[in-house]
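Line by line, the protein sequences give chains W, L, X and B.
FYI, the numbering for the first sequence is 30 to 241, going by our numbering.
FYI, the numbering for the second sequence is 10 to 253, going by our numbering.
FYI, the numbering for the third sequence is 372 to 593, going by our numbering.
FYI, the numbering for the fourth sequence is 3 to 52, going by our numbering.
C-beta: ideal position from N, C-alpha, C; glycine also.
Please read these numbers as outputs of a predicted model, since none were measured by experiment.
Below is one structure, written out as structure tokens; comments come after it.
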Amino acid sequence: MTQPRLLVRNLSCGRGERALFHDLDFELRGGEAARVRGENGCGKTTLLRTLAGLQAPHAGTVHWQSATPARDGEPVLLQDDLCFVGHENALNGALTPSENLDVLMRLAARRVSVRAIRQVLAELGLDRVAERPCERLSAGQKRRVSLARLWLSEAPLWLLDEPASALDVESRAVLCARIDAHVAGGGIVVFTTHEELTLTHTRVRAIELTPC
Amino acid sequence: MLWLHRFGSLPYFYRISRPIALALAVPGVLLAAYGVYGGLVEAPVDYQQGDAFRILYIHVPSAWLSLFGYTSMAVAGFVALVWRLKLAEIFLVAAAPVGASFTFLALVTGSIWGKPMWGTWWVWDARLTSELILLFLYLGVIALHNAIESPRTAARACSLLALVGVINVPIIHYSVEWWNTLHQGPTVTRFGRPAMEMDMLVPLLCAALGFTLIFGWLTLWGMRAQLLWRERRSRWVKRLFSDG
Amino acid sequence: MLSVFWAVLRRDLLLAFRQRGVLVHHLLFFVLVVALFPLGTGADARILVTVSPALIWMAVLLAALLSLQRLFRPDYEDGTLEQYVLSPEPLALIALAKVAAYWLASGLVFVMASPLLVLLLGVPAHAVPVIMASLLLGTPTLGLVGAIGTALTLSLPRAGLLLSLLIFPLYVPVLIFGAGAMRAAIAGLPAAGALYLLGALLALGITTAPIAIAAALKISLE
Amino acid sequence: MDDFWAMGGYAAYVWSSYGIAAVVLLGNVFGPLIAHRRIARRIKNEEFDD
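Rendered as structure tokens:
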């Protein structure tokens, strides 16, 4: 496998027609992590969504590996190389954690056995609620279920939007350990966070967003 | 290709849109005026319909433009979706109210014409019914555009809707015709006569061509306003208006 | 590639089963519209039989409009839709699975309920098979076309009226052929022509609508 | 001339058709023009300079 590489050039993004930031440049290679910094509403979520290809930038390009968008402003599809944990948990309230994860992994084109899902849920301290509808879980439990994808996925690029929201101290430590392991294994992580995430083995670069 | 790229540049388009609009407006109005004059004054009285047939010179161009307008919107929608060309989005948005106006005119004039011919304002005749549904298709595009706040998303959504609509237009027309022949007997043919007198036909063609040019002019007019609104925060628009 | 189709289909059917209250509401709505109608026209059997094709199909159209609004809404709100779009699997296939599950849980139920309702309206029993066939062929098309409309209006929180303006004109052919088949069957005339046309519409819908739904979902997420 | 305006007894139908057409078309000429002018004025007033 070639070494993963995420390259961003002259990226300008906005929400709707409102411009949020201009001319962002950075490059991340396998084994690097970056935290997106900036005030509230300066486009952190927008940047992650743009990197994921969910929305088109106003200008500039995102390159992944050797893939190059057809033209400026076109989203580049990362497809199976990406694990995106968004602001929302992507869990249906009427389904149980294992049912939700099963569908999510199938959507990610990953074949994961029920046993593997159970095992990860147990590691995250969710074995007692694994067969309970998600709507009856606490906010922290739901977030952990959603993050369980990080243990099941093999994607080299992770985009995490506030992964630690609603997590307690222990879960946060577990998450940090997982991120450390992913980066040590040659992956790339881009994340936003309000909580302090202390990654012991990873040097975290900062991507500063300055409002325009 | 280079030419297309240059034409796609918004400031350039804004600058040349006014002369182009004039170049469409002058011959368009002249041709339409000649066609209408020919239809109202010079064409001989129709032996079946009397002078009522003179409504044709506004009705037929309107009906033609209602279809032409929707088709051109769908083409623009395709271009907007595939190549993300802003100008195509703006065209689609600006053409919708103009096309809807002509569709409305086709309906109203058809109905006014129907009154002396059939003795009633409205019959569920295949053409009128299809035209009515076409009007709803236009109104759907306009309503969708008004409902979505972000202009870019709105235009892209309308592009897709216009494309879906244009695939449906022939199906709708065929189904309405099927329904009509099945249950009401053959449609009343109004201008399907094989040979039209030359002095009736020439003004009609002039009117149709003239109104098509007018359609282009009005759409350009709308595009200028739409373009200015969408680019109101950009540097080139501000520069345009700061110098007076 | 097909595994994602079955996974999404199974998920949505499971959801429909867990939330079967909603399903019952839609069925009740359908039955109520039909049942209230005679109260407006009077109980004249001839009138009821004459209007029954229009009535059944209008009730189906309205019920589809109401139920379609929830097709993508929960996924949009809880973030699952983003995962659909990001999936390496074709989004059109996922959309087709969603519509298929939706139809199995609502359209098919209407088809099953229809014999009872048309007999209630005094339609002769010999017409019932054709009526069921027309609904069987027509309602999936309503779901496919309607899904394009809901996908387009996803970013608007209350799009009910707008949705009707977008999709009702597109429903015209299904309404005409569906009610046409029903009317022919009641009159004892051959209805095969209309049924073939409904089948053709369905074939066209299955092949093209998922692509449009996928494009609409991407636009709404931007 | 009176014959022309009478339209063989169909005057009301013919002239109302053309009248409505004129009104609708004029609306399409002036609507965008007014909108354009209003936007231009707001740009000049620097309402979008945020």
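- When the five nearest sequence neighbours on each side are left out, the beta carbons in the same chain lying within less than 6 Å of the beta carbon of Arg234(W) are those of Ala63, in order along the chain.
- Residue pairing of Ile236(W) in beta bridges, as defined by DSSP: Val65(W).
- Between Thr162(L) and chain X, the shortest Cβ-Cβ separation is below 7 Å.
- In the DSSP assignment, Thr412(X) falls within the alpha helix (DSSP H) that extends over 391-412.
- Taking a cut-off of 8 Å for Cβ pairs, the stretch 118-127 of chain W and the stretch 182-198 of chain W do not touch, as fewer than three such pairs fall below it.
- From the beta-carbon of Val375(X), the residues of chain W found nearer than 8 Å are Arg135, Leu136, Ala138.
- Beta bridge pairing from DSSP links Ser41(W) with Ala88(W).
- Contact between Ala109(L) and Tyr147(L) holds, with the beta-carbon distance rounding to 4 Å and staying under 8 Å.
- Rounded to the nearest whole angstrom, the CA to CA distance from Val203(W) to Ser526(X) is 36 Å.
- With a cut-off of 8 Å on Cβ pairs, the stretch 483-490 of chain X is not in contact with the stretch 529-540 of chain X, counting fewer than three such pairs.
- Looking at the DSSP output, Asp209(W) bridges to nothing.
- An exposed status is given to Gln32(W), since fewer than 16 other beta-carbon atoms sit within 10 Å of its beta-carbon.
- Within chain W, Asn121 have C-beta atoms less than 7 Å from the C-beta of Pro445(X), given in sequence order.
- Here Phe388(X) is exposed: its Cβ has fewer than 16 other Cβ atoms, across all protein chains shown, within 10 Å.
- Distance from the CA of Tyr183(L) to the CA of Leu436(X), rounded to the nearest whole angstrom, comes to 24 Å.
- Contact between Gly72(W) and Leu238(W) holds: CB atoms are separated by about 6 Å, below the 8 Å threshold.
- Using a CB distance below 8 Å, the part of the stretch 89-122 of chain L facing chain W consists of Arg93, ordered along the chain.
- With a cut-off of 8 Å on Cβ pairs, the stretch 492-510 of chain X is in contact with the stretch 410-423 of chain X, counting three or more such pairs.
- Put simply, the CB of Ser75(L) is far from chain X, with every gap to its CB atoms at 7 Å or more.
- Burial state of Met372(X) is exposed, judged by a 10 Å Cβ sphere holding fewer than 16 other Cβ atoms.
- Put simply, the backbone Cα of Glu240(L) is about 7 Å away from that of Val246(L).
- For Leu169(L), a Cβ of chain X is located within less than 7 Å of the residue's own Cβ.
- Ranked by Cα distance from Pro70(L), the options Leu39(L), Ile223(L), Asp55(L) are led by Ile223(L).
- Shortest Cα-Cα distance from Arg554(X) to any of Leu592(X), Leu380(X), Val501(X), Thr521(X) involves Val501(X).
- Residues of the stretch 145-159 of chain L whose Cβ lies closer than 7 Å to any Cβ of chain X, in chain order: Phe145, Leu146, Leu148, Gly149, Ala152, Leu153, Ala156, Ile157.
- Taken through DSSP and simplified to helix, strand or coil, Ile22(B) comes out as helix.
- By a beta-carbon distance limit of 8 Å, Ile590(X) does not contact Ala104(L). Their separation comes to about 19 Å.
- Around the beta carbon of Leu213(L), a 10 Å sphere encloses 16 or more other beta carbons of the protein chains shown; the residue is thus reported as buried.
- Counting only the Cα atoms, Pro34(B) lies some 52 Å from Leu130(W).
- Among the residues of chain X, those whose CB is under 9 Å from the CB of Leu124(W) are Arg382, Leu385, Leu386, Arg389, following chain order.
- At least 7 Å separates the beta-carbon of Leu432(X) from that of Thr521(X).
- With contacts defined by Cβ atoms closer than 7 Å, Ala434(X) and Val173(L) do not form a contacting pair.
- The Cβ atoms of Asp55(L) and Gly10(B) lie no closer than 7 Å to each other.
- At a cut-off of 7 Å between beta-carbon atoms, Gly70(W) makes no contact with chain L.
- Per the C-alpha coordinates, the member of Arg244(L), Ser26(L), Lys124(L), Thr228(L) positioned closest to Tyr79(L) is Thr228(L).
- Chain L has a Cβ within less than 7 Å of the Cβ of Gly45(W).
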